Structures are given as C-alpha cells and as structure tokens.
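Dropping the structure here:
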C-alpha cells in the first residue's frame, strides 16, 4: 500500500490530469459500515481522489459518476443505480454512468426512494443528524492560494521570527510595515532578503533580536481589493466608511482572460472583507463586462540554433487570396519562408502586438479609438486590421470636410425649425436622425458601441448627400443633425469632435454639452399604413394621412376595389377603427 501511495504521489493533481489518467486502486482489506442501509462496503485507496477534497474519503457512486464507473469496471466492483428519470424511464448503469440531471428521483434507496435530489438530500441529512451519526457540513472547493507572482514592492507580510517566541505578528500600532527604498537589484535574489539592516528588528513580544519576513504577497492580492481602497484614499485603516458609500462598483470592466483568476480572487476577497465587517455589500460589483481579446496574425521561423523565432508582422511579406486570407509568407529581409499561425491573441511571446503609439502617430488617437469601438462588439474578440484603421480615418476626414463645406452658413444658422416649416426631404432627414438617436441610446445602454458607430456612419452618409443650398430652414436642420452627430461621437473620438463643436460656434464647451434628446415630434410620420380586415380576415392595406378622420378613412377603404369586392357581399353593419393600426369592416 505504501508503495502504491508513493507511486500516486508522483502523478498530477489538476482536474484535467485526474480526468485523463488511468484509474488505479488497491483494496485496504477493511470495510466501512453504511449507516443508512447497514451494508458493509470495501475500502480502497485510489489515485484519482484528492485528500484535500472533503474529508479525503468519499463514497464512490459508479452508477452515476464517470470516474467511479471506470474504476468499478476495471476492478469488478458492483455498480448500483440509485437515481433515475422521474418518468420511470429505463437506465443501464452497467454500460455507462448516468449522471444526475433535471427531473431526477432516487431509486433503490429504501425509505428515501422516490424523492427529488433536494428532497432526498434534506431527508437523509435530517435522519443522520437525528441518529447522532453525522452532521451537515459545507465543503469548499477553493484551493490554497499559491503566492507566486511576487514583486519587491508587493505587500509586506507583517510577521517577525523570534528564536524565543517563534512566529509573532506585528502589532497593529506598528503597521504598516514599510519596505526599504534604497535597495539593490541583484538578479533573481529578493532585494529585501539581501538588506540585513531592514531584516533585523525586535520581537514585539519579548524584545529580543528577531528577523522580519522577507516574502511579499503577490500582485493578485493588491488587485483583489484596490477598487475598495480607491474609495478610502488617505485612510489610516484598511478602509473607512466611504467604502460603504461608494461600493459596490456599478460597472466593472475587464478582459475575459481574467475570468478564472482575478475575478475569482476579486469576489473571494470582497466576501472576506464583508465577513470581517470592512464592507457591507455582498458582491464587489453590480454589473460585469468582460471584453474580448484582441487578435492578430502571428508568424515564426524554426532554426536549430535559436529554436522558434517569432517575427513582427512588419517583418513579413504576406501573400493573400481574393478573400484576404494568408496563403503564403516570407521574411522581408531575406525572402526565407515563414510559417503563419493564423489569428491568435496578441502577446509579447508571439511578437504580434501592435504598438498603439505608432498607430496614433500615423492615424491619430481618434482614429484608433473609433476603429477599436467599431471593429466588434466589446464582449467578442477583435481581429486587428491596419487597413480597416485607415477606413476609420477616412470617415473622420469626411466628417471634417462636411462641417467645413458649410461652416459659414452653419455658424449663422438658427435653431432647428418646427416640423411644419419643413419640406418632405428635411422632414424625412429629421425622422431618420431622431429615430437613429433613439437606437443609439439603446445601444449605448447595451454597450454595443460598434452599432453606435455604424449608426453614426449611416446618418453621416445621409447628411453628406443632403444639399441645404441657401435655404435657412434646411441649413438649420443640417446644423441640428451635425450637433447631434458630434455629441454622440464625442466619447469615442473626443479630440476632433471638440474642435468641430467650436468650428460650428456651438454654445459652451462640448465637454459640458448635454446629451442630445430625441424629438418625438420628428418621429411622427405624415401618413399611416393601416391593415384592413373584412369580418376579421385581412384583405389589404391602405395609406392615409396621419391626421385623417374616421369618415375619410372609411371612404378610402371603400374606394379600394379589392377591399370593396369583399365588403360588397352584404350590407356594411359596422366599421371598427383601431387608431394607427387597422380597420375592420363587419358585413
């Protein structure tokens, strides 16, 4: 048994490794008594059960757990069904494990048969506690925190080591422990371990010479509660009452790569602070947005001398097919063949990152921001494309040109006129403008910034085709439209919109301008399309003026030959009008 345990100790313990490894075991020659059934159960030691899970000893359920089933099949152990479909359907647990699902009930379980999972769990737990043979206990799957990504400037661990008193915590009045600032970095060794003066201190308990702890917490500790400390700047304690005023965070934004590390610690640490009375909120944030990763193509060459060498995209000449896909690549310096990996996450190790500063120098910050917002929804991956960045710049250049094309008349224009003063084209333009603004407001709330930019481009194309001429009313409508467009684009492209706002002589600074409001009167249409029914069956549609009265609508309906044919089958008894929707003729 000892040799088998030693063999198991050399294997992996991750979930992935335990899932894929060969299931091995050895009987211990002892039996355990099932307190519910009185049956004797053989006890085995196995290589796929972790000592840190629960008590370290588990009840195997081969009928309903794949790993247990594999183990039982290998060693010829009995496989018993204890749960099944609520509808009584047949299950063959000898062939394969049948995992617990919805609409499941217990079977072959004595007095506890026929119960759903929650009911069976509660009944069995009650019985065990009543008999005094066990008690309820919550077992957490949270593992010990591995402190590994340490930095010299990480949070000091407030502990000293005394030969007389052992490990002694630093008293509250001596906190915080401050790191030395005059350190020398020497390769891999911690600079504070080499600082004998800082390490030497006195034991808080007996006053004898002692040594400080030189380890520091890793960066995950600091990033787990920084948001709470931001709410209490300057506080002498860890947090003060301001944290409760500001927390929880209304909207927390982070990359999807943090979902299984930072966000786990983030929630765990907040609940720890809640349990110790530092904060009162149960969760650190109300809403979470995980943005997708930025992807780029990566290229490498293999060599016997240097191994795999990752090349920057600008070092590679790429041949593409008519769909823009890479079909070949060579190194620009010598024409040697390069291997393309396709789209992958930007990273230093693959040398496929894009320097934002070089893009800003080439296209401007607003262009880079606009492309980033437009390229994909925030929660999805973004495939970086330099040519598409140029397209975003062309849009901003066209917007700049449109403003300056009519700058003089626009600066002198009045506020937008009332709808009654508009011709059909300007009325249609205002309807599109305000219906688009309505959509933009919804998309902003949903963080769909790519569709916000797309809507702005659509409105711009309409404005670019609109010729105001010398008509004061049309110029005023164009000024209104550009004012709305500039304010909507301001959070995305703040620099150019700031200048354009001034170029149009708009009131105040753009930074302080209110968000544009939808003009519901602009959304009203001049005509309505009404469905027409005869005795409840759809027979056609009519178009009438939006302000048409019931008599006018009736006359229009009966003037339609197709509808009139159906209505002439008998005397019209009644005309039912549902305003803005339909007309029903009862004959």
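In my numbering, the protein residues as written are 119 to 705.
For every residue, glycine included, the Cβ atom is placed at its ideal position computed from N, Cα and C.
Note that the structure is predicted; figures quoted are calculated from it, not measured.
Residue i: buried (16+ other C-beta within 10 angstroms of its C-beta) or exposed?
i           : result
residue 186 : buried
residue 79  : Look at the range of the chain in this structure, 119 to 705, and you will see that residue 79 is not part of it.
residue 128 : exposed
residue 647 : exposed
residue 89  : Here the chain covers residues 119 to 705 and nothing more, so residue 89 does not appear.
residue 263 : exposed
residue 350 : buried
residue 76  : Outside the displayed range of the chain (119 to 705) lies residue 76, so it cannot be described from this structure.
residue 598 : buried
residue 564 : exposed
residue 630 : exposed
residue 544 : buried
residue 197 : buried
residue 377 : exposed
residue 304 : exposed
residue 574 : buried
residue 484 : buried
Between residue i and residue j, which are expected to be in contact by the criterion C-beta below 8 Å, what is the C-beta distance as a whole number of angstroms?
i           : j           : result
residue 380 : residue 338 : 7 Å
residue 149 : residue 142 : Not quite, the Cβ-Cβ distance comes to about 21 Å (not below 8 Å), so this is no contact.
residue 645 : residue 662 : 7 Å
residue 71  : residue 624 : This structure leaves residue 71 out entirely; the chain is present only between 119 and 705.
residue 235 : residue 208 : About 20 Å; that fails the 8 Å criterion.
residue 278 : residue 331 : 7 Å
residue 493 : residue 506 : 7 Å
residue 251 : residue 153 : 5 Å
residue 691 : residue 675 : Their Cβ separation, rounded to whole angstroms, is 15 Å, which puts residue 691 and residue 675 out of contact at 8 Å.
By how many angstroms is the C-alpha of residue j removed from the C-alpha of residue i?
i           : j           : result
residue 451 : residue 432 : 11 Å
residue 532 : residue 548 : 16 Å
residue 430 : residue 496 : 26 Å
residue 291 : residue 360 : 22 Å
residue 685 : residue 642 : 31 Å
residue 654 : residue 562 : 41 Å
residue 181 : residue 215 : 5 Å
residue 415 : residue 307 : 37 Å
residue 650 : residue 672 : 10 Å
residue 268 : residue 281 : 27 Å
residue 427 : residue 456 : 10 Å
residue 397 : residue 355 : 13 Å
residue 606 : residue 633 : 8 Å
residue 677 : residue 572 : 43 Å
residue 162 : residue 122 : 12 Å
residue 585 : residue 524 : 10 Å
residue 302 : residue 310 : 9 Å
residue 554 : residue 333 : 57 Å
residue 697 : residue 540 : 25 Å
residue 528 : residue 515 : 18 Å
residue 620 : residue 438 : 44 Å
residue 226 : residue 249 : 21 Å
residue 341 : residue 156 : 52 Å
residue 442 : residue 460 : 12 Å
residue 319 : residue 272 : 20 Å
residue 206 : residue 166 : 33 Å
residue 425 : residue 190 : 46 Å
Three-state secondary structure (DSSP) at residue i?
i           : result
residue 702 : strand
residue 202 : strand
residue 692 : strand
residue 435 : strand
residue 302 : coil
residue 171 : coil
residue 511 : helix
residue 341 : helix
residue 527 : helix
residue 612 : helix
residue 564 : coil
residue 624 : coil
residue 158 : strand
residue 601 : helix
residue 279 : strand
residue 388 : helix
For the ligand ATP, is there any heavy atom lying closer than 7 Å to the beta carbon of residue i?
i           : result
residue 299 : Looking for the ligand ATP in the displayed structure turns up nothing, as the structure carries no ligands at all.
Looking at C-beta atoms only, is the number of pairs between the region 356-366 and the region 402-411 that lie closer than 8 Å three or more? yes
Using 8 Å as the cut-off, can you tell me whether the region 379-393 makes contact with the region 340-349, which would need three or more C-beta pairs spanning the two stretches below that distance? yes
Counting Cβ pairs closer than 8 Å, one from the region 650-661 and one from the region 628-640, do we hit at least three? no
Is the region 497-515 close to the region 409-417, with three or more CB pairs under 8 Å? yes
Inspect the CB distances between the region 312-319 and the region 252-268 and report whether three or more fall short of 8 Å. no
Sufficient close CB pairs (3 or more, under 8 Å) joining the region 202-212 to the region 165-178: no
Pair every Cβ in the region 601-611 with every Cβ in the region 474-490, then say whether three or more of these pairs are closer than 8 Å. yes
Assess, as a yes-or-no matter, whether the region 577-587 is touched by the region 549-569 under the definition of 3 or more beta carbon pairs within less than 8 Å. yes
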